[in-house]
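To keep things clear, I will list the structure first and then write my remarks on it.
Chains as they are written, first to last, in the numbering used here: chain A, 15 to 319; chain B, 15 to 319; chain C, 15 to 319; chain D, 15 to 319.
Below, the structure written as structure tokens:
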């Protein structure tokens, strides 16, 4: 019976780990704030979940170690020292990093692990908390095709669509570009609706047209009707993290000398919005910053106050 | 039996007029290149369609005059002189301008017509040639609600979704913003796929992920798979016209002093692409210009040469 | 003895009119707030200056009428009605508009005046209050070369450098582009110094290097050392007016379909800064907005608090 | 008698080394293409200049080692191996890197050298070939103040203005920002003149005004009159290198999370221009690319064809 370790019990990681707990494999969990790992292990103790005291202990004997953190640097910091992952990982094991990471760090991680006979995949996920809960995440993978086949059953515990993107780092790159497009479309739609609102058009009417026309996007079809027009702005995915993702996409473009004026401008605007709105703001709250810059409020005229 | 005139038998106007021909109303058509109007009238003679020799003759006695040209200026040029629309339009008639026009000209047209007791609606359409053929266009209307009710039956001959956006000019504004978003998303997706292609990711694989994730848009879901990856680039809607639409959206933003850095950058990039690719290029061919700037080709690795 | 009228006694117009008062020509002045014209006429009464009750009265019998307002629209509003300029201007007279205007309005003004046999020159000035006081302004002129020769003595009363730029509107265009570059360099230098300040470099040291190197500009050589590092930010030229000028430059570019991504981005940034900082802010205070966006203060480390 | 080594005999490095040769210090030179070092040593043999066979040999016994290459990575590649700089550098020596480098690599270099008791300064120069020939370069230095004092006599052999900018990396940062501003102003002035040329203004007339007004910069005062209007475009500093410098400035901004939309857009435009114009193009030839994008030629109307 294979053994799997999961490190990083955040908003996405926790439901992912829950799906792994429900398999026949032995699951060990570790979290920086150890209370969260203790709670998780207690809750799923009858499924055989245990808490590891250190990353090394989590990795020891594991066939697959899955990490899910905010940034690649968080994973890199867990490698070294007597309690680090490298002290526990066995030759032949695989580290699957589900962090929305950056390709440069992923390549560095892969090289260090390869030197020890450990496989590495960058495997960021999309689908959000909802997709993680329902086990229907999309997993974008950079790395070796054979390694992917080895760990596929584990990925399928939480992922519905498993996509091999290319060499190490390409999973990160695809995730970053997807999120860069999300950020860009969120901003562009806010600009468009600010203009129309200022011109006297009810943004609900404008969205009704756009969403049956050629200007529609995921942002216009889902985020604006549900979160902006309603002024609900639920906090599901932090602006700080989307800012980080756009920055990775922008950085990947620069490293390859690919001119991307629109993506780079998006990176600047999100940096500024992130600074203005703070660490707690949701990504959709960037619309509030557009409203402030433009002196508008993108609110349905029919909406009750 | 009401009488309707249709001026401007272009790629979109011709199928729109065809739907009107099939009603019980008398239809007169006029076109700058008169051969096209003659052909149309001949083809639908048994439905009672006749060709008007001049805009004035087309308008004379018509309850509704519908215009469909490339730019608002084309309509404005038809107003004056003994053969002009103003010489034919009767008090109580309505001019419905289905041109993807600009609000400033539309407001000027409306004011001139109002002084003569003629109604005016800016009523650009979306849905393309396919929507025009099937009579399922979306019609975005700026103008008076009562006037819209008067002409609704005529609009429903070719439009499925009739949306009142606000005062005169708002139909144009909504259309321009929608098309501005189309232009923006077309470019942003090209940038993202150029980066990923350069990073070694098959753009077909990247699109497969993006189109089930948060970065998707009409451009990524329809235009890239069908027209770019296949290298088909069919010519359905000219880049020159999309450039014009983005320019109108950018202008509306400026007139209202709404900062829109992303939309304005899009206007610049399309101006440059239009200049580089010429008048005949299709709007999706802007992707070829992105490819040239970035030194990439966004082509599926599996595509046969 | 020729007669001259001056309309618009603002910060720049007043010292310009003073230079005209000191010539042998008869000078009539008019100002929207009439108290200011009354004060001026009283102060220079012994030089023969009189106050005109209306624009028509100012223009009546004048060989040259000079206007100096905030925007072209201000001049256009003075034309019509029984008290308007057109009611007073005689065939053969010349209207010299020293407003930092826009080419489109200037062309419209020129056409209306030409129909009455009145000459028109757009003749914005640069040099600021200091140059106006010392009579050393640069005058950029659009219009007919012969007309310029006719009015040259009047222009030389306050201008040191009289430059014929081309046809009507080109004086405005050159002024707008010059100010657009000022705005752009002010912002770019603020960005550069924000980056260096954040990297731990004293901005005074950075400017010392830049101002002997290739990155220097009028902004870096004069505005930053005197106004920003000192935190003096004197109010000499309103941000609102510079925003307007950048907007004119951006508009001229768009009308001619000249892609200018950097200029257009500048227009957006100044629109946003203008909205954020309000009507009273000086143009150099845009640096404060850059500081806010970047979380920096561009202040010499040696400056006393 | 102190001993100095100079590595990197390029267009700037060669005249710098010549100034060092004329001092009383012993000078050893090394160059990747060894023929150039051989020629130099032969030419200045009577001044005691010798050629070193390897970087290690150049560094052995030297009090100061000066490097001057295209990019920081060129220096980093010379460190290791039996022939590398680290094999020759003695405890107490100082490496002065006059490359227009990047702060990140400079910090890495400094850390590696510090571990061996070797000092490090990033000390890029400005003033071009002319300043290097005349020994009047500006030297921007990042590093320890005491170390700077130790090597000051060597720097004064070729530098007139020696500026301590701050900690290691700040010399690079200041140089990159200065060159970023040069790039930005070169582009902005090209945009402005393209607009005015298209509006019918002679760019020589426009520059005459701008250069006595607030829109002037080093680019407008020197580069445009001497190199663009004349169509001379001499090749003095490669576009590829300026593109690299703008990229460093943009990267420094990103690393510190300082929003810099104008600088980042400049980086994109230069990347695209560099790709379009190739490796041999001079930096001022970027104007040719602006001309191509805008369909203009920025040429004095009086210039003979």
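Each residue gets a CB set at the ideal place from its N, CA and C atoms; glycine is no exception.
Chain A contact residues for residue 261 of chain D, given Cβ-Cβ distances below 9 Å: Start at 1 with the first residue of the fourth chain, and residue 261 of chain D comes out as number 247. Residues of chain A passing the Cβ test: 268, 271.
I want to verify the contact list: residues of chain C whose CB lies under 9 Å from the CB of residue 286 of chain A, in sequence order. For the purposes of this step, residue 286 of chain A is taken as residue 272 along the first chain, with counting starting at 1. Those within 9 Å of residue 286 of chain A in chain C are 307, 308.
Applying a beta-carbon distance threshold of less than 9 Å, which residues of chain A neighbour residue 105 of chain C? Taking the third chain and counting its residues from 1, the one referred to as residue 105 of chain C is at position 91. Those within 9 Å of residue 105 of chain C in chain A number zero; the least Cβ separation is about 44 Å.
First and last residue of the beta strand (DSSP E) that includes residue 44 of chain D? Position 30 of the fourth chain, counted from the start, is the residue given in the question as residue 44 of chain D. Run containing residue 44 of chain D: 40-44, per the beta strand (DSSP E) assignment.
Which residues of the region 221-237 of chain C have a Cβ closer than 7 Å to any Cβ of chain D? Give them in chain order. The region 221-237 of chain C vs chain D, Cβ under 7 Å: 222, 223, 224, 226, 227, 228, 229, 230, 231, 232.
Can you list the alpha helix (DSSP H) stretches of 4 or more residues lying completely in the region 221-272 of chain B, in chain order? Counting whole runs of 4 or more residues, the region 221-272 of chain B contains the alpha helix (DSSP H) stretches 253-269.
Within a Cβ cutoff of 6 Å, which residues of the same chain sit near residue 311 of chain A, ignoring the five residues on either side of it in sequence? Residue mapping note: residue 311 of chain A aligns to position 297 of the first chain, counting from 1. Cβ neighbours of residue 311 of chain A beyond the five flanking positions: 305.
Along the chain, which unbroken stretches of the alpha helix (DSSP H) at least 4 residues long are found entirely within the region 69-111 of chain D? If only complete runs of 4 or more residues are kept, the region 69-111 of chain D shows the alpha helix (DSSP H) at 69-73, 86-90, 99-102, in order along the chain.
Could you tell me which chain D residues have their CB closer than 9 Å to the CB of residue 36 of chain B, listed as they occur along the chain? In the second chain, counting from the first residue as 1, residue 36 of chain B sits at position 22. What residue 36 of chain B touches in chain D: nothing, since even the nearest Cβ is about 46 Å away.
In its own chain, which residues sit with a C-beta less than 8 Å from the C-beta of residue 252 of chain A, not counting the 5 before and 5 after it? Residue 252 of chain A sits at position 238 when you count from the first residue of the first chain. Excluding positions up to five away in sequence, the list reads 293, 294, 295, 296, 297.
By a C-beta neighbour count over all protein chains shown, 10 Å radius and 16 as the cutoff for buried, is residue 285 of chain A buried or exposed? Along the first chain, one-based indexing puts residue 285 of chain A at 271. So residue 285 of chain A ends up on the buried side.
Helix, strand or coil: which one does DSSP assign to residue 216 of chain B? Here residue 216 of chain B is taken as the residue at index 202 of the second chain, counted from 1. Note: residue 216 of chain B maps to coil in three-state DSSP.
When the distance is taken between beta carbons, is residue 34 of chain B closer than 7 Å to residue 41 of chain B? One-based indexing of the second chain puts residue 41 of chain B at position 27. One-based indexing of the second chain puts residue 34 of chain B at position 20. A contact, by the Cβ cut-off of 7 Å.
Just to confirm the assignment: which complete alpha helix (DSSP H) runs, minimum length 4, are found wholly within the region 155-193 of chain A? Fully enclosed alpha helix (DSSP H) runs of 4 or longer: 159-170.
Between the region 209-221 of chain C and the region 264-280 of chain D, do at least 3 Cβ pairs fall closer than 8 Å? With the cut-off at 8 Å, the region 209-221 of chain C and the region 264-280 of chain D touch.
Beta carbon proximity, residue 30 of chain C to chain D, threshold 7 Å: Translated into the one-based positions of the third chain, residue 30 of chain C becomes position 16. No, its Cβ sits nowhere closer than 7 Å to a Cβ of chain D.
Note down, in chain order, every chain D residue with its Cβ under 7 Å from the Cβ of residue 68 of chain A. Within the first chain, numbered from 1, the residue matching residue 68 of chain A stands at position 54. Ordered by position in chain D, no residue passes the 7 Å Cβ test against residue 68 of chain A, which lies about 29 Å from the chain.
Name the two residues that bound the continuous beta strand (DSSP E) containing residue 136 of chain D. The count along the fourth chain starts at 1 and reaches residue 136 of chain D at position 122. Where residue 136 of chain D is concerned, the enclosing beta strand (DSSP E) stretches over 133-136.
Leaving aside the five residues before and after residue 179 of chain D along the sequence, list all residues of the same chain whose C-beta is less than 8 Å from its C-beta, in chain order. Residue numbering aside, residue 179 of chain D sits at position 165 when the fourth chain is read from its first letter. The beta carbon of residue 179 of chain D is closer than 8 Å to those of 154, 155, 156, 185, 187, 188 in its chain, skipping five residues each way along the sequence.
Return the residue from the list C/258, C/235, C/51 that minimises the CA-CA distance to residue 230 of chain D. One-based indexing of the fourth chain puts residue 230 of chain D at position 216. Comparing Cα positions, the closest option is C/235.
Looking at the unbroken alpha helix (DSSP H) that takes in residue 61 of chain B, where does it start and where does it end? Position 47 of the second chain, counted from the first residue, corresponds to residue 61 of chain B. According to the DSSP assignment, residue 61 of chain B belongs to no alpha helix (DSSP H), since it is labelled neither H nor E.
Helix, strand or coil at residue 314 of chain B according to DSSP, with G and I counted as helix: Position 300 of the second chain, counting from 1, holds the residue named residue 314 of chain B. Under the three-state reduction of DSSP output, residue 314 of chain B falls in the coil class, being neither helix nor strand.
Same chain, Cβ closer than 6 Å to residue 143 of chain C, neighbours up to 5 away in sequence not counted: Taking the first residue of the third chain as 1, we reach residue 143 of chain C at position 129. Here the set comprises 25.
State yes or no: is the beta carbon of residue 195 of chain C nearer than 7 Å to at least one beta carbon in chain D? Counted from its first residue, the third chain places residue 195 of chain C at position 181. Yes, its Cβ sits closer than 7 Å to a Cβ of chain D.
Give the straight-line distance between the Cα atoms of residue 226 of chain B and residue 233 of chain B, rounded to the nearest whole angstrom. Within the second chain, numbered from 1, the residue matching residue 226 of chain B stands at position 212. Within the second chain, numbered from 1, the residue matching residue 233 of chain B stands at position 219. For residue 226 of chain B and residue 233 of chain B, the distance between alpha carbons rounds to 14 Å.
Meets three-Cβ-pair contact criterion under 8 Å: the region 90-107 of chain B and the region 242-250 of chain B: Contact between the region 90-107 of chain B and the region 242-250 of chain B is absent: fewer than three C-beta pairs spanning the two stretches fall below 8 Å.
Whole angstroms are fine: how far does the CA of residue 242 of chain B sit from the CA of residue 6 of chain D? Nothing about residue 6 of chain D can be reported from this structure: the residues present for chain D run from 15 to 319 only.
Partners in chain A for residue 187 of chain B, counting only beta-carbon separations shorter than 8 Å: Looking up residue 187 of chain B in the second chain gives position 173. By Cβ distance, chain A contributes 209, 210, 213, 215.
In chain order, what residues of the same chain have a beta carbon less than 7 Å from the beta carbon of residue 15 of chain A, not counting five sequence neighbours either side? Translated into positions along the first chain, residue 15 of chain A becomes position 1. So the list reads 38, 39, 40, once near-sequence residues are dropped.
Can you confirm whether the region 189-200 of chain C touches the region 276-285 of chain C when touching is taken to mean that 3 or more C-beta pairs between the two stretches lie within less than 8 Å? Contact between the region 276-285 of chain C and the region 189-200 of chain C is present, with at least three C-beta pairs closer than 8 Å.
Counting only C-beta atoms, is residue 179 of chain D closer than 7 Å to chain C at any point? Residue numbering aside, residue 179 of chain D sits at position 165 when the fourth chain is read from its first letter. It does: the Cβ of residue 179 of chain D has a partner Cβ on chain C nearer than 7 Å.
Got a sec? Which residues, its chain only, sit under 7 Å from residue 51 of chain A by beta carbon, not counting five neighbours each side? In the first chain, residue 51 of chain A corresponds to position 37, counting from 1. Closer than 7 Å at the Cβ level, and outside the excluded window around residue 51 of chain A, lie 23, 43, 44, 45, 65.
Check the Cβ of residue 278 of chain D against every Cβ in chain A and list those closer than 9 Å, keeping chain order. Here residue 278 of chain D corresponds to residue number 264 of the fourth chain, with the count starting at 1. Per Cβ cutoff of 9 Å: 264, 275, 278, 279, 281, 282.
Local Cβ density within 10 Å of residue 69 of chain C, reported as buried at 16 or more and exposed below that: In the third chain, counting from the first residue as 1, residue 69 of chain C sits at position 55. Taking every protein chain shown into account, the CB of residue 69 of chain C has 16 or more other CB atoms within 10 angstroms, so this residue is buried.
7 Å Cβ cutoff, residue 151 of chain B in contact with chain A: Numbered from its first residue, the second chain carries residue 151 of chain B at position 137. False, the Cβ-Cβ gap to chain A never drops below 7 Å.
From D/218, D/257, D/160, D/263, pick the residue whose C-alpha is nearest to that of residue 203 of chain C; which is it? Numbered from 1 along the third chain, position 189 holds the residue referred to as residue 203 of chain C. If we check each option's Cα against that of residue 203 of chain C, D/263 comes out closest.
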